[in-house]
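For the sequence shown, our numbering gives the first residue as 43, with consecutive numbering after it.
Glycine included, each C-beta is placed from N, C-alpha and C at the ideal position.
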Amino acid sequence: MPTTAADFFATRLSYPYKAMTGAVPDAPALTAILTAALRVPDHGKLEPWRLVVLQRPDLARLADLAEARAREMGGDEQKIAKGRGQFDLGHLVVAVISSPKPSDKVPLWEQQLSAGALCLNLVNAASAAGWGAQWLTGWPALDAPFAARAFGCAGDEQVAGLIHIGGIGSPATDRPRPDPARIVQWGLGGLA
43 MPTTAADFFA TRLSYPYKAM TGAVPDAPAL TAILTAALRV PDHGKLEPWR
93 LVVLQRPDLA RLADLAEARA REMGGDEQKI AKGRGQFDLG HLVVAVISSP
143 KPSDKVPLWE QQLSAGALCL NLVNAASAAG WGAQWLTGWP ALDAPFAARA
193 FGCAGDEQVA GLIHIGGIGS PATDRPRPDP ARIVQWGLGG LA
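Here is the structure:
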């Protein structure tokens, strides 16, 4: 277990939802995670997001809704399976809904970035609390009719992420990470 914040971020990784155990944080523990996660950049204090906590009965309903939507779209068995998959296998999911507010000072894209920051903060807060966490979307989250039926998304609202939280079973393996030497530019160089 990392001992400092620097160690935590240097070794941070998502824990696959398919490997999570059925253990989930209780309401007070989840409230503490959500409270920490909500400390994100939010220019104008607009709170351009909302959260929906989904437990097993909710996830079963979403699996059925995803299957119905896939069939409505003429999807094949693979699309149906992918739509049901994360809902059937999830134990606790927090849906982060990007819910932009009208503003002359804070553009839409900046409000959407705040929702993305909330997704990552939620993964990090759950991980720091000792839980497995993974940020997913998948076609149902990206499908406007599904998002409207499942989460009441309207107007500019979109599902920014479905954050799975659960117990850690076997250790997760890391993946190759970007090489800073390849993607970081120091100074303007030949620009300007």
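Where residue i sits in the DSSP three-state scheme
i	result
Leu88	coil
Leu104	helix
Cβ-Cβ distance between residue i and residue j below 7 Å
i	j	result
Leu178	Leu204	yes
Glu125	Ala112	Note that residue 125 is Gly in the sequence shown, not Glu. Result yes, Cβ atoms of Gly125 and Ala112 sit closer than 7 Å.
Pro83	Ala159	yes
Asp130	Ala105	yes
Ile207	Ala183	no
Gly211	Ala61	yes
Val148	Gly64	no
Start and end residues, alpha helix (DSSP H) containing residue i
i	result
Pro222	Pro222 to Ile225
Ordered list of beta strand (DSSP E) runs contained in the segment 181-219, each at least 3 residues:
200-208
Runs of beta strand (DSSP E) lying entirely within the segment 107-175, each at least 3 residues, in chain order
134-140
Are at least three pairs of beta-carbons, each pair with one atom in the segment 191-206 and one in the segment 215-229, less than 8 Å apart?
no
Which complete alpha helix (DSSP H) runs does the segment 46-84 hold, if anything under 4 residues is left out?
Annotation note: the segment 46-84 contains the following uninterrupted alpha helix (DSSP H) runs of length 4 or greater, listed N- to C-terminal: 47-53 and 69-79.
Check whether the segment 135-154 and the segment 82-97 touch, using three or more Cβ-Cβ pairs below 8 Å as the test.
yes
Cβ contact check for the segment 149-158 and the segment 196-203: 3 or more pairs under 8 Å
yes
Between the segment 43-60 and the segment 205-219, can you find at least three pairs of beta-carbon atoms closer than 8 Å?
Judged by Cβ distances under 8 Å, the segment 205-219 makes contact with the segment 43-60, as three or more pairs qualify.
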